[in-house]
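Mapped onto full-length UniProt numbering, the consecutive letters of the sequence shown carry residue numbers 1 to 240.
Beta carbons are placed, not taken as given, at the ideal position from N, Cα and C, and that holds for glycine.
These notes are about the structure you will find just below.
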Amino acid sequence: MTAELKKLQEIVNQAKNIVFFGGAGVSTESGIPDFRSVDGLYSQSYKYPPETILSHEFFMDNTEEFYRFYRNKMLCPDARPNKAHIKLAELETAGKLKAVITQNIDGLHQMAGSKNVLELHGSVLRNYCMKCHQFYDVETIAEGEEVPKCSCGGTIKPDVVLYGEGLDSDVMNRSVAAITKADVLIIGGTSLAVYPAAGLINYYRGNHLVLINKSSTPMDAIANLAIDGKIGEVLGAIKL
Ligand code: NAD
Numbered sequence: 001m002t003a004e005l006k007k008l009q010e011i012v013n014q015a016k017n018i019v020f021f022g023g024a025g026v027s028t029e030s031g032i033p034d035f036r037s038v039d040g041l042y043s044q045s046y047k048y049p050p051e052t053i054l055s056h057e058f059f060m061d062n063t064e065e066f067y068r069f070y071r072n073k074m075l076c077p078d079a080r081p082n083k084a085h086i087k088l089a090e091l092e093t094a095g096k097l098k099a100v101i102t103q104n105i106d107g108l109h110q111m112a113g114s115k116n117v118l119e120l121h122g123s124v125l126r127n128y129c130m131k132c133h134q135f136y137d138v139e140t141i142a143e144g145e146e147v148p149k150c151s152c153g154g155t156i157k158p159d160v161v162l163y164g165e166g167l168d169s170d171v172m173n174r175s176v177a178a179i180t181k182a183d184v185l186i187i188g189g190t191s192l193a194v195y196p197a198a199g200l201i202n203y204y205r206g207n208h209l210v211l212i213n214k215s216s217t218p219m220d221a222i223a224n225l226a227i228d229g230k231i232g233e234v235l236g237a238i239k240l
């Protein structure tokens with residue numbers, strides 16, 4: 001065990017209220033590409049950059065093109081939780097971890113068994129009609145190649161926060177409350193480049209800020225423990 005993993009284990013052993021805050025890097029070991037890694041979606045070539053396609057304006061103006069990209073790249077029906085998702089769920093069951101705050105939209109934390117999951121950017125598993133608000137599951141979206149339509153004729157939209165849209169204030173407030181109360185904040189698999197989500201870490205008041213990432217982030221300098229590594233391997237090594 002490296003000195004860093006030993007330190008992480010000591011922090012977890014003493015913790016009573018861990019909060020985890022993560023991003024797309026948490027799911028890369030489940031086969032879902034992130035945005036900013038070398039093999040992430042930003043490095044692949046499309047007619048438009050992903051940030052443009054995944055924006056409110058683009059959804060409204062080019063709904064068909066949006067769904068072509070979205071079905072191809074954002075829906076990953078075969079993805080399963082990896083060691084990171086599973087260990088976080090186990091930490092919650094053990095009473096040590098109080099909340100998972102995620103920027104991910106893939107539902108893998110819940111699939112692993114986590115209960116208190118705060119989804120800052122929504123979920124691909126929920127979809128609704130923009131006209132009558134009827135809810136639809138992900139299968140309805142995945143099937144077919146057309147723009148998905150409700151029985152009332154309205155367009156169905158994923159319950160995902162697109163660029164240019166605001167975050168749900170209830171989820172945001174609950175995230176702030178969880179981080180404010182945390183004795184340990186573990187941040188992993190996020191470039192901390194997407195705001196306002198990245199700004200949440202400013203609410204942490206403790207002295208056990210742990211960062212786990214494959215590449216450096218703007219917050220490395222203020223972390224009490226920064227671990228350069230794959231999050232599944234690092235969290236997977238924690239003993240309960
Ligand atoms: P990002 O792509 O900007 O950053 C991912 C970070 O994770 C990078 O710093 C990368 O080095 C690191 N990383 C990748 N694999 C890792 C691993 N195995 N272990 C440790 N670190 C790893 O992602 P972001 O910060 O979450 O922001 C991008 C936005 O894209 C978010 O809003 C998110 O909702 C969305 N997104 C979600 C998914 C998903 O739901 N799985 C996938 C792609 C993008």
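Buried/exposed call for residue i, threshold 16 Cβ in 10 Å
| i | result |
| --- | --- |
| residue 248 | With the chain covering 1 to 240 only, the question about residue 248 has no answer from this structure. |
| Gly31 | exposed |
| Ile156 | buried |
| Ala112 | buried |
| Asn13 | exposed |
| Cys132 | exposed |
| Thr180 | exposed |
| Phe21 | buried |
| Tyr70 | buried |
Helix, strand or coil at residue i [DSSP, three-state]
| i | result |
| --- | --- |
| Leu54 | coil |
| Leu240 | coil |
| Gly232 | helix |
| Ile222 | helix |
| Leu211 | strand |
Residue i CB to nearest heavy atom of ligand 1 below 7 Å
| i | result |
| --- | --- |
| Glu239 | Per the sequence presented here, residue 239 reads as Lys, with Glu not at that position. Outside the cutoff, so no. |
| Gly166 | no |
| Asn127 | no |
| Gly189 | yes |
| Phe21 | no |
| Ser175 | no |
| Glu65 | no |
| Asn13 | no |
| Asn116 | no |
| Ala24 | yes |
| Gln103 | yes |
| Arg36 | yes |
Terminal residues of the beta strand (DSSP E) in which residue i lies
| i | result |
| --- | --- |
| Asn13 | Careful: Asn13 lies outside any beta strand (DSSP E), inside the alpha helix (DSSP H) at 3-14. |
| Phe20 | 18-22 |
| Arg126 | 122-129 |
Limits of the alpha helix (DSSP H) - the one that residue i falls within
| i | result |
| --- | --- |
| Glu139 | 138-142 |
Whole alpha helix (DSSP H) elements within the segment 59-117, 4-residue minimum: 63-69, 83-93, 108-112
Beta strand (DSSP E) segments (min. 3 residues) lying fully within the segment 135-209: 156-160, 184-188
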